[in-house]
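In what follows, a single structure is set out as structure tokens and then discussed.
In the numbering used here, the protein residues as written are -1 to 210.
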């Protein structure tokens, strides 16, 4: 990633905040490590609110967690448990990272970015967790591993776009959000139906409308 930015303009800042929020819902530790490494190596001038990420201690811990998550996310059932636990970590972290983009300059922008980042993190996390839970209903492991590798690749790609090509990033983000919402709706219905079949519960009968 070339150091093409000497000063982050508003478009880049908004794109970076959105990318940090969305990507945190997918791979939080990779986001922390990659962002910190980009700042530490001088590839990207991080805003003041994010410069803590380039601390060697933070990068070391994040790097270790990247390795743990890489393998945990490839194991069926364990990946769903991992996602369940990280529901309480990824979403607030995504909000905090997005807010950090403006944290050193404007409380108003930081608040807006935090709300944006938290919402994007929640959407990405829910779509990921729902998709992986549905994939775990298949006995073969290849779809699970394939989806995990796709997540591994999508995070650095989105972060790179946010820094280098923010307009294209917003296009990709729009597509990702539409896909995420469709997956959440369709796969949630599938998982709910599957759970009812496994527990022997029939679909609730519609409430009859009595004539007046």
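Idealized CB from N, CA, C, for every residue including glycine.
Per the C-alpha coordinates, the member of 181, 47 and 195 positioned closest to residue 124 is 181. Under the Cβ criterion (8 Å, minimum of three pairs), the segment 46 to 56 does not count as touching the segment 141 to 153. By the Cβ-count criterion, residue 166 is exposed, with fewer than 16 other Cβ atoms from all chains shown falling within 10 Å of its own Cβ.
For residue 53, the secondary structure class from DSSP, reduced to helix, strand or coil, is coil. Around the beta carbon of residue 137, a 10 Å sphere encloses fewer than 16 other beta carbons of the protein chains shown; the residue is thus reported as exposed.
Residue 178 sits close to residue 121, with the two beta carbons spaced by under 8 Å. Counting only residues of its own chain and dropping the five nearest sequence neighbours on each side, residue 142 has a CB closer than 6 Å to the CB of 74 and 133. Residue state for residue 82 is assigned as helix, using DSSP reduced to three classes.
For residue 140, the enclosing alpha helix (DSSP H) stretches over residues 140 to 162.
Inter-residue distance for residue 98 and residue 76 is about 31 Å (C-alpha atoms, whole angstroms). When rounded, the separation of the alpha-carbon atoms in residue 197 and residue 187 is 15 Å. Going by C-alpha positions, residue 100 is about 11 Å away from residue 44.
Here the segment 11 to 31 lies against the segment 107 to 122, with 3 or more beta-carbon pairs under 8 Å apart.
About 6 Å separates the beta carbon of residue 129 from that of residue 185, a gap short enough to meet the 8 Å contact definition.
Taking the Cα positions, residue 69 is about 35 Å away from residue 6. Counting along the chain, the unbroken alpha helix (DSSP H) around residue 116 starts and ends at 105 to 133.
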